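K.L.:
Just passing along the structure, written as structure tokens.
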Amino acid sequence: IPLAITHAAAYIKTRAPTITISDYLQLFRESEANQVRLLGKKEWKDLRRDHSIRHAVITTWQISFTQIQKMERSAADLLALMSMFDKQGIPKFLLQNDGNQLDFEDALAPLLSFSFVRAETGKQSFEMHRLVQLSMRTWLKAEKELGKWMKESIRTLIAVFPSGDYETWANCRLLFPHAREAISYVTGSEDDLLNQAKIAFRTGWYLYLRGEYEAAKGVFCMSVEAREKVLGPEHPHTLTSVSNLGLVLERQGKYKEAEAMHQRALEGHEKVLGLEHPDTLTSVNNLGWVLESQGKYEEAEAMHRRVLEGSEKILGPEHPDTLTSVYHLAFLFHRQQKYSAASKLYQRAHTGYIRALGVHHPTTIACFNHYKSIGEEIEH
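For the sequence shown, the UniProt record's numbering gives the first residue as 1, with consecutive numbering after it.
Below, the structure written as structure tokens:
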């Protein structure tokens, strides 16, 4: 870092008064290409007077990195992998991934010793300075290894990124910044693209459940586009991504767009999987929900009843997906002030959710709150 500051000072001095400190910072923050250019240049005249400094920042970093390569190849590989993720909050479990503890510690030790990475206080995670990350990526690009480590970061992340469901939120929160990096890479491999689509799908579900709809929409769109490109528009995985994009659009109040997504998913699932497949019933349910949001209650009720009958037949009356069908039908009756019918269905869904998901699950709580609100509405 002191070398980077010295280098920046020399750069500014040789260009004064046309370049100021604020100008330099603006250029530096503008792009990674600018950072490489600014820090990778040989020293200007004023800096060359100090004979203890013989190289620019990136060149100096490379000397230390070469030494690490000779000492412990696994350490160099670990640093390469870490540089492909977000520079902060890199979880230990992402890097170790059930590997040998001693091997991991042996690889990590030189990186800590050379201050290439730092253990975050009180956490099982690591961080690297922006300049270390930049230098590592620049070196990988020069050695034509950047693509290799992009692929490795994608494969590493897909192995640990969870479903996005409520019980996985703690790990999703830790991995989300790194998922953002991984799905942005272009490797030219269809396998990588499918893995990126899967990461995007899981990330999108996590964001959707947390109510971060605009962010969820972006990653679901990426998942749809990637799966369409590799698998085709009617593949079940593509249609599942389409369904989830429809869910996000519905929450954003974009009902016509959402209805189109759910209609596409339903027609595709019926064609490929059949009328009673669970994924088909999910699409029926989603379409019913968006029809209900538009006040098309008769059409929505037909959809919800179809889902409930199919779910009871295929999954059983206590399956969480069946309970969701019960919950949705209850909510439809609730919206139409059919309180008696709604109350019975809410009670059934809530009792089942407690057994299947637990009393503290967000869905269990939401169902109970809807049931409780019926009494309040009747009183008023």
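Glycine included, each C-beta is placed from N, C-alpha and C at the ideal position. Since the structure is predicted, the reported quantities are computational estimates derived from the model, not experimental observations.
So, using beta-carbon positions, are Glu-267 and Val-290 closer together than 9 Å?
P.N.:
Along the sequence shown, read from residue 1 onward, the residue named residue 267 stands at position 267. Along the sequence shown, read from residue 1 onward, the residue named residue 290 stands at position 290. No, Cβ-Cβ distance for Glu-267 and Val-290 is not below 9 Å.
K.L.:
Considering only residues of the same chain and omitting the five flanking positions on each side of Ile-68, which have a CB-CB separation below 8 Å?
P.N.:
Counted from its first residue, the sequence shown places residue 68 at position 68. Once the five neighbours on either side are set aside, the close Cβ partners of Ile-68 are Ala-75, Ala-76, Leu-79, Pro-110, Leu-111, Phe-114, Phe-116.
K.L.:
Looking at the strands, I want to know which residues DSSP matches up with Pro-91.
P.N.:
Here residue 91 is taken as the residue at index 91 of the sequence shown, counted from 1. DSSP lists Ser-125 as partners of Pro-91.
K.L.:
Give the straight-line distance between the Cα atoms of Ile-90 and Ser-83, rounded to the nearest whole angstrom.
P.N.:
Looking up residue 90 in the sequence shown gives position 90. Looking up residue 83 in the sequence shown gives position 83. Rounded to the nearest angstrom, the two C-alpha atoms are 10 Å apart.
K.L.:
Among the residues of its own chain, which have a CB less than 7 Å from the CB of Leu-146, if the five just before and after it don't count?
P.N.:
Stepping through the sequence shown from its first residue, residue 146 is reached at position 146. So the qualifying residues of the chain are Arg-137, Leu-140.
K.L.:
Please state whether DSSP places Ala-349 in a helix, a strand or coil.
P.N.:
Residue numbering aside, residue 349 sits at position 349 when the sequence shown is read from its first letter. Note: Ala-349 maps to helix in three-state DSSP.
K.L.:
Going by beta carbon distance, what residues of the same chain come within less than 6 Å of Met-303, once the five residues before and after it are set aside?
P.N.:
Residue 303 sits at position 303 when you count from the first residue of the sequence shown. For Met-303, where only same-chain residues beyond five positions count, the Cβ hits under 6 Å are Val-284, Leu-287, Gly-288.
K.L.:
Between Ser-293 and Glu-250, which are expected to be in contact by the criterion C-beta below 8 Å, what is the C-beta distance as a whole number of angstroms?
P.N.:
Your numbering for residue 293 matches position 293 in the sequence shown. Your numbering for residue 250 matches position 250 in the sequence shown. Sure, about 6 Å apart at Cβ, within 8 Å.
K.L.:
Could you check where the alpha helix (DSSP H) with His-235 kicks off and where it finishes?
P.N.:
One-based indexing of the sequence shown puts residue 235 at position 235. Segment: none, His-235 is in no alpha helix (DSSP H) and carries neither H nor E.
K.L.:
Near Arg-264, what residues of its chain come up, given a Cβ to Cβ distance below 7 Å and the 5 sequence neighbours on each side ignored?
P.N.:
Taking the first residue of the sequence shown as position 1, residue 264 is located at position 264. Within the same chain, Arg-264 has close Cβ partners Val-242.
K.L.:
On the DSSP bridge assignment, give the partners of Arg-118 in chain order.
P.N.:
Position 118 of the sequence shown holds residue 118. Bridge partners of Arg-118: Glu-127.
K.L.:
Suppose contacts are defined by Cβ-Cβ distances below 9 Å. Is Phe-201 in contact with Val-230 by that definition?
P.N.:
Position 201 of the sequence shown, counting from 1, holds the residue named residue 201. Position 230 of the sequence shown, counting from 1, holds the residue named residue 230. Not a contact, by the Cβ cut-off of 9 Å.
K.L.:
For Leu-94, which residues from the same chain have a beta carbon less than 6 Å from its beta carbon, with the 5 sequence-adjacent residues on both sides left out?
P.N.:
Taking the sequence shown and counting its residues from 1, the one referred to as residue 94 is at position 94. Within the same chain, Leu-94 has close Cβ partners Val-160.
K.L.:
By the three-class DSSP mapping on this structure, what secondary structure does Lys-42 have?
P.N.:
As a working note, residue 42 is residue 42 in the sequence shown. A caution first: Lys-42 carries a pLDDT of 46, below 50, which makes its placement in the model too unreliable to give a value.
K.L.:
Check for me: the alpha helix (DSSP H) holding Ile-374 runs from which residue to which?
P.N.:
As a position in the sequence shown, residue 374 is number 374, starting the count at 1. Where Ile-374 is concerned, the enclosing alpha helix (DSSP H) stretches over 362 to 379.
K.L.:
Taking DSSP as the reference, what is the three-state secondary structure of Phe-65?
P.N.:
In the sequence shown, residue 65 corresponds to position 65, counting from 1. Phe-65 falls in the helix class under three-state DSSP.
K.L.:
In the DSSP assignment, the alpha helix (DSSP H) including Thr-322 goes from what residue to what residue?
P.N.:
Taking the first residue of the sequence shown as 1, we reach residue 322 at position 322. Here the alpha helix (DSSP H) through Thr-322 covers 320 to 335.
K.L.:
Can you tell me whether Ser-163 is buried or exposed, with buried defined as 16 or more other CB within 10 angstroms of its CB?
P.N.:
Taking the sequence shown and counting its residues from 1, the one referred to as residue 163 is at position 163. Exposed.
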